[in-house]
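Peer 1:
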Amino acid sequence: MLAAGDASSLIIADGAMGTMLLAAGFAYDTHVYPLLNLTHPTAVLEIHRQYAAAGATLLTTNTFGTSYHLAHGRIEPSQVRCIAQAATQLAQEAASLTGRAALIGGSIGPLGKALAGIGAHQAGAWFAMQAVALQAAGADVLILETLTSNQEALLALQAIQSATSLPVWVLFNVNESGTLLDGTPILKAAQQALDLGAAGIGANCSSGLWAVLKAVQHLAHLNAGYARLIARPSAGTPQQDGRYPLTPSDFAECAPALLKAGANVIGGCCGSTPSHIRALCASLHAVLAQSGSTSAHHNPLQPNKSRDQHSPCHIAQRDAQP
Ligand SMILES: [Zn+2]
C-alpha cells in the first residue's frame, strides 16, 4: 500500500522551494524556476537536502511553476518531461544523500491565467502532460497545490486522474474566511475533489498559519479517514520588505493544533525554511511522544525507484551563477 494514499501515519512535508531559491539569488523575474532543475541542479539539490536533513519525510519537486510558465509561453511542452525527470531525480538524490527514505511529491501548480483564455482542452492537456512526466520520473504522489479556482482544480484533477494512476492531493489557497479567490468555500471545493477520488485534501500557502489551521479544522468534518488531510501554511503574510514574519519557533507552535485537527501531512509553504521544518518536526514528535502515539514514522519506500540512469535529458554538471 502506497503510504501517500494511506491516511494512518504522519508525513512531515518539506517547506518552501520558491522563496528558498529567491534567497539563493534566483530572482523571480529573471528565472523560470522549473528550468533551474536542468540549469542549476546543485542549487535545487541543496535545498532538498536541507529539508531532508531537517526531518521532512516528503520532498516536493521543484516543478510548481511549470503550469504557469506553459500558460505564459516560457516553458515549451517539449521541455516538460525533462523538467519532471530532473526535478524528481534531484529530490530522490537528496533523500539518498541524507540516508533517509522520503516520499517524492510531484508538485503541479495553477496556470495563473483565466481558463477561458486558454481553453479547457489545452489546460487539461498541460496538466495531464505534467502528471504523466512526474509519474514516469518516479514521483510517489501528485500534489496539486495553491489552487485559487475551483473550476481549474476540478479540471486539473480529472485530467490528471485520466492520465495517471498515482494518488492525487488537492491543496487550496484560502483566505481567513475559508474561501478560494474565486469565492468558492473550501468545504465545497474539497468535497468535490473527494467525490472525484482525490487521495488527499487540504490547504497550503494561504493567508498564513491560522487560515490553514481553520481550513483544516473545517475539512476534518468531510474526511471519512481514507483521505490525507494536508496542512502546509506559509510562514505568515509577507511584510512590505518581502520578509515572512514567523520564526521557526512561531511556526512550530501550530503543530499541536494541526495534529489535533486531524492533519496527517504537515509541512510549510512560502517563507518557510529548513529551520522552520526542523522546529516543526521537533514539535510534532514531542506532541506524539507525549500522547504515546507511534504514528510518526519514516516511510519505508525506496527513494530511488524508477530512476532512469540513461536519461537523454541534459542536466548541467555544475551550476553557473544564478
Ligand atoms: Zn506558498
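Under this note's numbering, the first residue of the sequence shown is numbered 28, with each subsequent residue one higher. Glycine included, every Cβ here is placed at the ideal spot set by N, Cα and C.
#1: Determine the direct distance from the alpha carbon of Gln188 to that of Met44, and round the result to whole angstroms.
#2: Might you give, ordered along the chain, the residues of its own chain that have their beta carbon closer than 7 Å to the beta carbon of Met47, omitting 5 neighbours on each side?
#3: Can you round the beta-carbon distance between Arg259 and Leu198 to whole angstroms, since I take them to be within the 8 Å contact cut?
#4: Got a sec: does ligand 1 put a non-hydrogen atom nearer than 7 Å to the Cβ of Ala43?
#5: Count the CB pairs spanning the segment 234-242 and the segment 275-294 that are closer than 8 Å, and state whether there are at least three.
#6: Can you round the beta-carbon distance between Arg255 and Ala226 to whole angstroms, since I take them to be within the 8 Å contact cut?
#7: With a threshold of 16 other CB atoms inside 10 Å of the CB of Gln77, please say whether the residue is buried or exposed.
#8: For Val71, which three-state DSSP category applies?
#9: By Cβ distance below 7 Å, which residues in the same chain neighbour Leu184 in space, the five residues on each side in sequence not counted?
#10: Please state whether the Cβ-Cβ distance between Ala121 and Ala79 is less than 8 Å.
#11: Could you check how far apart the C-beta atoms of Cys232 and Thr274 are, in whole angstroms? I think they sit under 8 Å.
#12: Buried or exposed: which applies to Tyr253, given that a residue is buried once 16 or more other Cβ atoms fall within 10 Å of its Cβ?
#13: Where DSSP assigns a beta bridge to Gly133, which residues make up the other side?
#14: Would you kindly report the start and end of the unbroken alpha helix (DSSP H) that includes Arg352?
#15: What runs of the beta strand (DSSP E), each 3 residues or longer, lie entirely inside the segment 191-220?
#16: Does the pairing of the segment 308-319 with the segment 88-99 give three or more beta-carbon distances under 8 Å?
#17: Determine the extent of the beta strand (DSSP E) in which Arg259 is found, giving its start and end residues.
#18: Please report the distance separating the alpha-carbon of Arg334 from that of Gly165.
#19: With a threshold of 7 Å, establish whether the CB of Thr175 neighbours any heavy atom of ligand 1.
#20: By Cβ distance, which residues of its chain are closer than 6 Å to Gly100, with the 5 residues on each side in sequence left out?
#21: Look at Phe278 and Gly295 and say whether their C-beta atoms are less than 8 Å apart.
#22: Going by C-alpha distance, which of Ala217, Arg305, Pro283 is nearest Leu181?
Peer 2: Taking the structure as given:
#1: Using only the alpha carbons, I get a separation of about 25 Å.
#2: Contacts found: Ile74, Thr300.
#3: Contact between Arg259 and Leu198 holds, with the beta-carbon distance rounding to 7 Å and staying under 8 Å.
#4: Within 7 Å of the C-beta of Ala43 there is at least one heavy atom belonging to ligand 1.
#5: Yes: at least three Cβ pairs fall under 8 Å.
#6: That pair is a contact at about 6 Å.
#7: Label assigned to Gln77: buried.
#8: For Val71, the secondary structure class from DSSP, reduced to helix, strand or coil, is helix.
#9: Shown here for Leu184: same chain residues with a beta carbon closer than 7 Å to its own, the five before and five after excluded, namely Leu171, Val195, Val197, Ala220, Leu223, Ala225 in chain order.
#10: Closer than 8 Å, so yes.
#11: With a Cβ gap of about 18 Å, Cys232 and Thr274 do not count as contacting.
#12: Around the Cβ of Tyr253, a 10 Å sphere holds fewer than 16 other Cβ atoms; the residue is exposed.
#13: Answer by DSSP bridge pairing, in chain order: Leu169.
#14: One cannot answer for residue 352 here, as it falls past the ends of the chain, which runs 28 to 349.
#15: Correct list: 195-199.
#16: Flag = no, the segment 308-319 and the segment 88-99 do not touch.
#17: For Arg259, the uninterrupted beta strand (DSSP E) segment begins and ends at 255-260.
#18: For Arg334, the predicted structure reports a pLDDT of 29, less than 50, and the residue's modelled location is therefore unreliable. A value from the coordinates is still provided. If you take the alpha carbons of Arg334 and Gly165, they lie about 7 Å apart.
#19: Taking 7 Å as the cut-off, the C-beta of Thr175 does not count as close to any heavy atom of ligand 1.
#20: If we look at Gly100 and ignore the five residues flanking it on each side, it has no Cβ neighbours.
#21: Contact flag set, yes.
#22: Ranked by Cα distance from Leu181, the first of Ala217, Arg305, Pro283 is Ala217.
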